[in-house]
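Numbering (this note's numbering), first residue to last: 80 to 278. Ideal Cβ placement from N, Cα and C applies to all residues, glycine included. Encoded as structure tokens, the structure appears first; notes follow it.
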Amino acid sequence: MKEMDTTRTPDFPVESIFVHRWSPRAFTLEPIPEEMIHQLFEAARWAPSCFNEQPWRFCYAITPEELVLFRSLLVDANRIWAENAPVLVIAFTKKNFTASGKSNRHALFDTGAAWMSLALQAMKLGLYTHAMAGIQTDKVYEALNIPDSEYEVICAIAIGKIGDPAQLPETLQTREHPSDRKPQTEFIYQGKFSPDKEE
Ligand SMILES: Cc1cc2nc3c(=O)[nH]c(=O)nc-3n(C[C@H](O)[C@H](O)[C@H](O)COP(=O)(O)O)c2cc1C
80 MKEMDTTRTP
90 DFPVESIFVH
100 RWSPRAFTLE
110 PIPEEMIHQL
120 FEAARWAPSC
130 FNEQPWRFCY
140 AITPEELVLF
150 RSLLVDANRI
160 WAENAPVLVI
170 AFTKKNFTAS
180 GKSNRHALFD
190 TGAAWMSLAL
200 QAMKLGLYTH
210 AMAGIQTDKV
220 YEALNIPDSE
230 YEVICAIAIG
240 KIGDPAQLPE
250 TLQTREHPSD
260 RKPQTEFIYQ
270 GKFSPDKEE
């Protein structure tokens, strides 16, 4: 594993894994052992969810045939770099509660929690993740047999060991570094929300 990037500095002390997780585009093609892949999904498995519904669903690709299919579901701007990732995942969510059949308006929130657990577990294992909204969503339902009446496709996730930025097209090489964040003052409100603080 390469040296972790240390250019990010938190304003308050937190576990370094939160700060050092970032989304590279350069991955090595090195396959990830299947045991490790299950460790990632195990981390996702223990995420909290409304009524313990566990609405998250993941389809993953690791074989050459599966990877060809999953790559074809990305938009070109993502395929150009994500085609080096040895694992591709499509994250989707069950829209309604299983017990009541009622709409689960927290399904996306819960699936987001599961994805973050997966992303942090990946860091612990020396792997990196990169989520992608840029997918051909309509195609995904059909290609992966996901009924759109019951499930909502959210995004793809590339997973693998971090690669050499030199392998990327020049325009992407310049963006291959951890980004910064807004200060807390721009997103937390003691007591009531202050819309006037928003831009
Ligand atoms: C749901 C989601 C969708 C994203 N979609 C894309 C995408 O289509 N292409 C891309 O290059 N990055 C995508 N990203 C990566 C974000 O741009 C990135 O997480 C953000 O800029 C923060 O940077 P960091 O993850 O390196 O900390 C996405 C991230 C998330 C969580």
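By the 10 Å Cβ neighbour count, where 16 or more other Cβ atoms means buried, how is VAL93 classified, buried or exposed?
exposed
Beta-carbon contacts of GLY242 that lie in its chain and below 7 Å, excluding the five residues immediately before and after:
ALA105, PHE106, THR107 and ASN163
Would you kindly work out how many angstroms separate the C-alpha atoms of GLU144 and GLN118, rounded to a whole number?
Going by C-alpha positions, GLU144 is about 23 Å away from GLN118.
Hey, GLY213 and ALA156: beta-carbon distance below 7 Å or not?
yes
Rounded to whole angstroms, what is the Cα-Cα separation between SER258 and LEU251?
14 Å
Under 6 Å: does the beta carbon of GLY213 sit that close to some heavy atom of ligand 1?
Yes, Cβ of GLY213 sits closer than 6 Å to a heavy atom of ligand 1.
Which residue from ARG136, LEU152, LYS181 and THR216 puts its Cα closest to that of ALA193?
ARG136
Beta strand (DSSP E) segments (min. 3 residues) lying fully within the segment 90–144:
135–140
Span separating the alpha-carbon of THR172 from that of GLU231:
5 Å
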